[in-house]
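Protein chains: 2
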Amino acid sequence: MSTPETPADGASGKTPRTERGRRTLRKLLDAAAIEFGEKGFHEASVTGITGRAGTALGTFYTYFDSKDELFRALVNDLSDRVRTTVGQALGPPLAPFDTEEVALTAFLRFAREHKEVYRIIDEAEFVDPGSYRNHYESTAARILDRLKRGEDSGAFRGGLEEAHAWAIMGMNVFLGLRYSIWSEDDSAEEVAAIARTFLERGIGKGVA
Amino acid sequence: MSTPETPADGASGKTPRTERGRRTLRKLLDAAAIEFGEKGFHEASVTGITGRAGTALGTFYTYFDSKDELFRALVNDLSDRVRTTVGQALGPPLAPFDTEEVALTAFLRFAREHKEVYRIIDEAEFVDPGSYRNHYESTAARILDRLKRGEDSGAFRGGLEEAHAWAIMGMNVFLGLRYSIWSEDDSAEEVAAIARTFLERGIGKGVA
């Protein structure tokens, strides 16, 4: 995973050193998100992206060697933006179940505002499988870290493992697909509250 | 959704009336699963599929008008096969948590034996979005039916709704991605047992 300071793995040799360069890179990534999101990888074109970004074609090639490299950088950038958006929403440490609820609310809101994120990351399965796998493996690793902290704090039960992190990630991704991408007929807060209760006590009747 | 008796929506006007015709259609669908799974939709070819199936090109066109129509039929067929595989594993009615555990075990095993199912259904998001959405909406509807039955039986708590079905579906899909497609380092039974406990009591400490 790249860090927020080096936003584009694919452009790692060409990370801009000036504020102006960083702004141009940001414009190219934002334009690429719209172009790839609307047209898909195969139909998207470098000239379509530079046209949307308002940059010259030559400028594009000072940042990226190819459409493929830009796509890889964009997947890493979106993965980072999901991570930093959730991180900013969390702020100072919260109680473990609050953390999961706030993280999911932030993710659902981000997906509503950036509906293209699903299509682009999903298309990475075909265009750039390494980035696709990296996105989910690193997301699951972050969730597992939170589970371990919740265990240590005594809020979560012991014995939580990688499979729990993948289960929670799957839950979050599919709630996003249903309630952020395909419809917004329930608020992000309502959906995250349901997920929180699911995490707290599953779907069993529990102890009466 | 098509029913098991009409396996291919896309070929609904050409459903074979003879046993021999049904066998040929099955061979074409199985060959298509391999071809699309290995090459992806765009690189896959009708001649590649008929070659694998051992059928003549003319035979193909008595069943399907195009590669697109075959792809749509294949997504519906795989969706049906997941459903019938899980249905057969369930057999006579089980207790609600047993039902979820057996259903997930059967799904994880099916995905291990047919790893191409993920790639094909995921590619439908781009090639045939209606089939993609239909697959997940009908799967979630089946899970919601099971949740309602579990509520009625007293095993599941009241108030379960569509979001719970999507959460469980997401959990199952991502456990399959991690433990059937990307690796098989835990048995299907072990993974399904973890998911069952997650459903039974979430990740909270619960009542001491």
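Chains L and V, in that order, give the protein sequences. Under full-length UniProt numbering, the first residue of the first sequence carries the number 1, and numbering increases by one thereafter. Under full-length UniProt numbering, the first residue of the second sequence carries the number 1, and numbering increases by one thereafter. Yeah, the Cβ is synthetic: ideal placement off N, Cα and C, and Gly gets one too.
Query                                                                                                                                         : Result
Local conformation of F64 of chain L per DSSP, three classes                                                                                  : coil
Straight-line Cα distance separating A103 of chain V from I194 of chain L                                                                     : 23 Å
Alpha-carbon to alpha-carbon, T24 of chain L and E5 of chain V                                                                                : Low confidence applies to E5 of chain V: its pLDDT is 38, below 50, so where it sits in the model is not reliable, and the reading given next is rough at best. Approximately 57 Å, taken between the alpha carbons.
Collapsed DSSP secondary structure at G130 of chain V in the structure displayed                                                              : helix
Chain V residues whose Cβ lies nearer than 8 Å to that of R156 of chain L                                                                     : A small correction: the amino acid at residue 156 of chain L is Phe; Arg does not occupy that position in the sequence shown. I203, G204 and K205, listed in chain order.
Under 8 Å from the C-beta of D198 of chain L: neighbouring residues of chain V                                                                : It should be pointed out that residue 198 of chain L corresponds to Phe in this sequence rather than to Asp. Simply H164, A167 and G202.
In DSSP terms, what F156 of chain V is bridged to                                                                                             : L:G204
R178 of chain L at chain V interface by Cβ criterion, 7 Å                                                                                     : yes
The stretch 123-133 of chain V contacting the stretch 93-111 of chain V, beta-carbon criterion three pairs below 8 Å                          : no
7 Å Cβ cutoff met for A188 of chain V and L108 of chain V                                                                                     : yes
Residues that F126 of chain L contacts on chain V, provided the C-beta gap is smaller than 7 Å                                                : G40 and E123
Alpha helix (DSSP H) runs contained entirely in the UniProt domain "HTH tetR-type" (22-82) of chain V, provided each spans 4 or more residues : 46-53 and 57-63
L70 of chain V and A44 of chain V closer than 7 Å at C-beta                                                                                   : no
Cβ contact check for the stretch 63-81 of chain L and the stretch 150-158 of chain L: 3 or more pairs under 8 Å                               : no
N-terminal and C-terminal residue of the alpha helix (DSSP H) that D98 of chain V is part of                                                  : P96 to E113
Neighbour list for L175 of chain V in chain L, Cβ cutoff strictly below 9 Å                                                                   : A163, W166, A167 and G170
Among L:K27, L:T197, L:N76 and L:A111, the one whose alpha carbon lies nearest that of A53 of chain L                                         : L:K27
Three-state secondary structure (DSSP) of D122 of chain V                                                                                     : helix
L199 of chain V and G202 of chain L closer than 7 Å at C-beta                                                                                 : yes
Separation of A56 of chain L from D65 of chain V, as counted between CA atoms                                                                 : 44 Å
Proximal residues to E184 of chain L (C-beta, below 8 Å), its chain only, five neighbours per side dropped                                    : R112
Range of the contiguous alpha helix (DSSP H) that encloses E184 of chain L                                                                    : Here E184 of chain L belongs to no alpha helix (DSSP H), and DSSP marks it neither H nor E.
Neighbourhood of A165 of chain V by C-beta, 7 Å cutoff - its chain only, sequence neighbours within 5 removed                                 : A140, I143, L144 and L147
Three-state secondary structure (DSSP) of E170 of chain V                                                                                     : Correcting the residue type first, residue 170 of chain V is Gly in the shown sequence and not Glu. Looking at G170 of chain V - three-state DSSP - the assignment turns out to be helix.
R149 of chain V in three-state terms, based on DSSP                                                                                           : helix
Contact set for R119 of chain L: own chain, Cβ-Cβ below 6 Å, skip 5 residues either direction                                                 : G37
Three-state secondary structure (DSSP) of R17 of chain L                                                                                      : coil
Neighbouring residues, chain L, relative to I194 of chain V (Cβ below 8 Å)                                                                    : E161, A163, H164 and A167
Contact check, T59 of chain L vs A192 of chain L, beta carbons under 7 Å                                                                      : no
Three-state secondary structure assigned by DSSP to E161 of chain L                                                                           : coil
C-alpha distance - E125 of chain V paired with V46 of chain V, whole-angstrom precision                                                       : 21 Å
Residues of its chain near G204 of chain V, where Cβ-Cβ distance is below 8 Å and the 5 sequence neighbours each way are ignored              : none
Own chain, CB closer than 6 Å to S180 of chain L, minus 5 neighbours either side, in chain order                                              : L108, A111 and R112
Contacts that V191 of chain L makes with chain V (C-beta to C-beta distance below 7 Å)                                                        : A163
CB contact check: R149 of chain V to chain L, cutoff 7 Å                                                                                      : no
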